[in-house]
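Residue numbers (the working numbering): 466 to 685.
In what follows, a structure is listed as structure tokens, so that the remarks can point back to it.
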């Protein structure tokens, strides 16, 4: 019940599908980068996010570690997050003018804002966050146009599979006490999904290797 009440507190109380209209369009941020500040603990990166980044920038995953992204452990799982600059807490991918240097390949969570996702069973809906965007008079826009995600159906299938996987891995690690064993699990996780060299279609390659990696990690 509390989760439902919380959603009502932070949203307009509605849930949206991909073809619905929602009042989320900023019509241009005009130099504002407020939503890119002090959000390091919120923007956890998926393998697809990293795939997009490294291919766009022409670098390896480990080249981004330290300066642009950082590894954080939550519920014993070690995952990459966007790194905030230590002085002003702005995202490390912003330039001096406050513009995103990877905007066309920005993480899915960044694409969503001011929308969010709420998972229900084997599906998710979108909700509109209220009061988080400083721009007034947001305009109506179709959710699909606001997100601008190519191959949306494949992307959604990946997101759902990844969400279920992280939940299952969290449950498994909950009962692990041996730090060495936990470190080994996290090493497999990073090497298999974030350091993997993908030459073809990301979604096809991910789904092809997914069952074998889950088996190595003891996930049914």
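We treat Cβ as the ideally placed atom computed from N, Cα and C, and that holds for glycine.
Under 8 Å by Cβ, that's how I've got residue 539 and residue 550 pegged, so tell me the actual separation to the nearest angstrom. By a beta-carbon distance limit of 8 Å, residue 539 does not contact residue 550. Their separation comes to about 21 Å.
Runs of alpha helix (DSSP H) lying entirely within the stretch 466 to 545, each at least 4 residues, in chain order: List check, alpha helix (DSSP H) in window: 467 to 475, 512 to 522, 526 to 529.
Under a Cβ-count criterion, where at least 16 other Cβ atoms within 10 Å of its own Cβ denotes burial, should residue 507 be classed as buried or exposed? Exposed.
Kindly indicate which residue of 656, 599, 545 has the alpha-carbon position closest to the one of residue 514. It is 545.
Host beta strand (DSSP E) of residue 593 (start-end): DSSP places residue 593 inside the beta strand (DSSP E), whose first and last residues are 588 to 593.
Residue 682 by DSSP, collapsed to three states: which one? In the structure shown, residue 682 sits in coil (DSSP, three-state: anything other than H, G, I, E or B).
From 664, 645, 571, residue whose alpha carbon lies closest to that of residue 517: With distances taken between Cα atoms, residue 517 lies closest to 571.
Residue 499 vs residue 599 beta-carbon contact at 7 Å: In this structure, residue 599 lies closer than 7 Å to residue 499 by Cβ.
Following the continuous beta strand (DSSP E) through residue 605, name the residue where it begins and the one where it ends. First-last of the beta strand (DSSP E) with residue 605: 604 to 607.
Check whether the Cβ atoms of residue 673 and residue 603 lie closer than 7 Å to each other. At the C-beta level, residue 673 and residue 603 stay beyond 7 Å of one another.
Should the stretch 622 to 631 be regarded as contacting the stretch 573 to 592, the criterion being three or more beta carbon pairs within less than 8 Å? With the rule of 3 Cβ pairs closer than 8 Å, the stretch 622 to 631 counts as touching the stretch 573 to 592.
Straight-line gap, residue 565 to residue 555 (C-alpha atoms, nearest Å): So the two alpha carbons sit approximately 11 Å from each other.
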